[in-house]
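Numbering (this note's numbering), first residue to last: 2 to 598. Glycine included, C-beta positions come from ideal geometry on N, C-alpha and C.
Following this line, the structure appears as structure tokens:
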């Protein structure tokens, strides 16, 4: 027997052994799924009435305009048959090659075999033909409520993405090649990854996007030096170490969103906004929110304002012996900062000298890509989830955000982890993305119903903390930083709310990139530029048409704006004071707590 024959025999034996292990792992998988507590149906699919309405609209179109509907169907049939015939003709000629392929480029199909191999190419082309047919059928629906049609578009896109041939082992050449190269070991590793993710989430599938073992909070992320100088049940107050001999007398207080952890602003030294601000000569305080458990069920927006925002402002004023602070709010914390500014106006309190908003919505009149998740059936499901679990669990929000970019944040990572057996990358941003926080039940209900659905803050006003708050109450100097490709808080929607304030001093900036990368954009990277236009009375499109583009980060521009509102230079401050002893080292304890499952 030749050496090649021996090698082939050994490879086949290893492959068979590994395939047997796959069967054992499959049984473990079944056991995990048997213990699964499924989520409510309302959180997975829309009310069946949505599909009934879509079907009614389709049949109505068929009755009113049968020629148009049949034309679309015949076009798909014709192109599918032609595609099959072309493939057959190539094969009949004895050519092991793919027919002509004019489908658009798609990074899911980057393996050369999708272009050259007749089997894989046929799968890809037919998939794209079917996807186009579904998209066209949905686009042609008439007589539907615009929001219902938007939801149909979203859920049809989810079906299209889910049914891509790349998501199936026998149809993905990358997966098959890896299985052969590793004698089936990649399949074993993939099942191990899948089972580990299921076990970590009580049988619910949440794709792990980053290698958890690569990061430790306080060791290689969230490392900006500082101290915890105050703590209550809602937050820890972090004061960061000065790096300059003198600082501006008016301190800066940053409110990050409590859906995630504050260290998005302090991932690494090279891209830490917190470190950069400190280096510019500011006394920087940052809120590290508690990761609430089920005992926080009755904590609402009132408590976040009174025990969170107002308490933090008060403590920073005491520590620094200043009458005012400059404040920053990011995303949902920016929305709540705006609510707080309205409340302070009602109370005649001038504690805030200026306010900066990062990707902040205050007018929710246009819900954008979140429309599918803000209908009554989905929010009803959230309310029932809160009733049972006493909070909105983090992984539900994480999953919702992920499916807005399903190919990048669900299917692509799932293929690499579960089908190819790869370890998720050691990527700090994705680690942070998976390190979320739950939301207290009452707060989640108020935010979704009163702000997102009913848009009370921009309409008649919202009742909080004993006052009726309206976004037009705000009159302090404002700077709003938005992001050009942000799909969570679209810049035009942020601009719409920003325009309704009564502040005489307004600065609006649009950074290139999205919700995170557009904010975490250090000047040293020289990566994303930004747009500015002093005329904030213009409609959004006209504002952008007349805006000036500037290369590089918006951070230095904001520093110039902020420094003019931060007072004179004084000697750098020590931590806390006699009434605010140091309670521990930054990043503190709250940031290390994991979300309740």
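Nearest neighbour of residue i, chosen from the options [CA to CA]
i           : options               : result
residue 524 : 511, 555 and 546      : 555
residue 343 : 582, 432 and 502      : 502
residue 338 : 363, 25 and 115       : 363
residue 103 : 114, 120 and 129      : 129
residue 304 : 124, 452, 444 and 118 : 444
residue 1   : 181, 182, 184 and 211 : No statement about residue 1 is possible, as the shown extent of the chain runs from 2 to 598 and does not include it.
residue 249 : 213, 322 and 271      : 322
residue 239 : 320, 209 and 181      : 320
residue 270 : 537, 521, 564 and 530 : 521
residue 161 : 17, 404, 149 and 380  : 404
residue 531 : 426, 231 and 552      : 552
residue 258 : 492, 289 and 278      : 289
residue 418 : 37, 189, 31 and 24    : 189
residue 314 : 197, 354, 208 and 576 : 354
residue 213 : 429, 387 and 147      : 429
residue 31  : 205, 374 and 541      : 205
residue 378 : 44, 24, 15 and 33     : 44
residue 540 : 41, 296, 495 and 145  : 495
residue 535 : 500, 564 and 568      : 500
residue 488 : 382, 569 and 361      : 361
For residue i, the three-state DSSP class (helix, strand or coil)
i           : result
residue 150 : helix
residue 363 : coil
residue 468 : strand
residue 586 : strand
residue 453 : helix
residue 197 : helix
residue 290 : strand
residue 495 : helix
residue 233 : coil
residue 331 : strand
residue 268 : coil
residue 415 : helix
residue 68  : The pLDDT assigned to residue 68 is 46, lower than 50, so where the model puts this residue is not dependable; a value taken from the coordinates is nonetheless given after this. If DSSP states are grouped into helix, strand and coil, residue 68 belongs with the helices.
residue 550 : strand
residue 487 : coil
residue 248 : strand
residue 504 : coil
Separation of residue j from residue i, as counted between CA atoms
i           : j           : result
residue 215 : residue 505 : 47 angstroms
residue 587 : residue 218 : 10 angstroms
residue 559 : residue 306 : 26 angstroms
residue 583 : residue 574 : 14 angstroms
residue 598 : residue 528 : 38 angstroms
residue 557 : residue 274 : 11 angstroms
residue 187 : residue 177 : 10 angstroms
residue 268 : residue 222 : 5 angstroms
residue 566 : residue 479 : 11 angstroms
residue 476 : residue 134 : 51 angstroms
residue 347 : residue 510 : 28 angstroms
residue 366 : residue 349 : 29 angstroms
residue 471 : residue 459 : 6 angstroms
residue 518 : residue 155 : 25 angstroms
residue 171 : residue 236 : 50 angstroms
residue 399 : residue 438 : 10 angstroms
residue 200 : residue 35  : 11 angstroms
residue 142 : residue 490 : 28 angstroms
residue 493 : residue 396 : 29 angstroms
residue 440 : residue 208 : 21 angstroms
residue 309 : residue 595 : 20 angstroms
residue 125 : residue 108 : 12 angstroms
Cβ-based burial, residue i [other Cβ within 10 Å; buried from 16]
i           : result
residue 394 : buried
residue 461 : exposed
residue 252 : buried
residue 106 : exposed
residue 152 : buried
residue 140 : exposed
residue 164 : exposed
residue 1   : Residue 1 is absent from the structure shown; the chain starts at 2 and stops at 598.
residue 14  : exposed
residue 147 : exposed
Residue i at chain C interface by Cβ criterion, 8 angstroms
i           : result
residue 130 : Note that chain C does not occur in the displayed structure, where there is just one protein chain.
Heavy atom of the ligand FAD within 7 angstroms of residue i beta-carbon
i           : result
residue 570 : For the ligand FAD, the structure offers nothing, since it holds no ligand at all.
| Are there three or more Cβ pairs, one per stretch, closer than 8 angstroms when the segment 270 to 286 is compared with the segment 220 to 227? | The count of Cβ pairs closer than 8 angstroms, one atom from the segment 270 to 286 and one from the segment 220 to 227, reaches three, so the stretches are in contact.
| At a cut of 8 angstroms, does the segment 248 to 264 reach the segment 422 to 435 through at least three beta carbon pairs? | A contact between stretches requires three or more CB pairs, one per stretch, nearer than 8 angstroms, and the segment 248 to 264 meets this requirement with the segment 422 to 435.
| field | contact_flag[the segment 240 to 259, the segment 400 to 411] where n(CB pairs < 8 angstroms) is 3 or more | value | At 8 angstroms Cβ cutoff, the stretches do not touch.
| query | When the Cβ atoms of the segment 507 to 526 are set against those of the segment 476 to 486, are three or more pairs found closer than 8 angstroms? | reply | Counting C-beta pairs with one atom in each stretch, the segment 507 to 526 and the segment 476 to 486 have three or more that are closer than 8 angstroms, which means they touch.
| said: Check whether the segment 531 to 551 and the segment 387 to 404 touch, using three or more Cβ-Cβ pairs below 8 angstroms as the test. | reply: In this structure the segment 531 to 551 does not lie against the segment 387 to 404, because fewer than three pairs of beta carbons, one per stretch, are closer than 8 angstroms.
| query | Between the segment 322 to 337 and the segment 416 to 428, are three or more C-beta pairs nearer than 8 angstroms? | reply | No, the segment 322 to 337 is not in contact with the segment 416 to 428.
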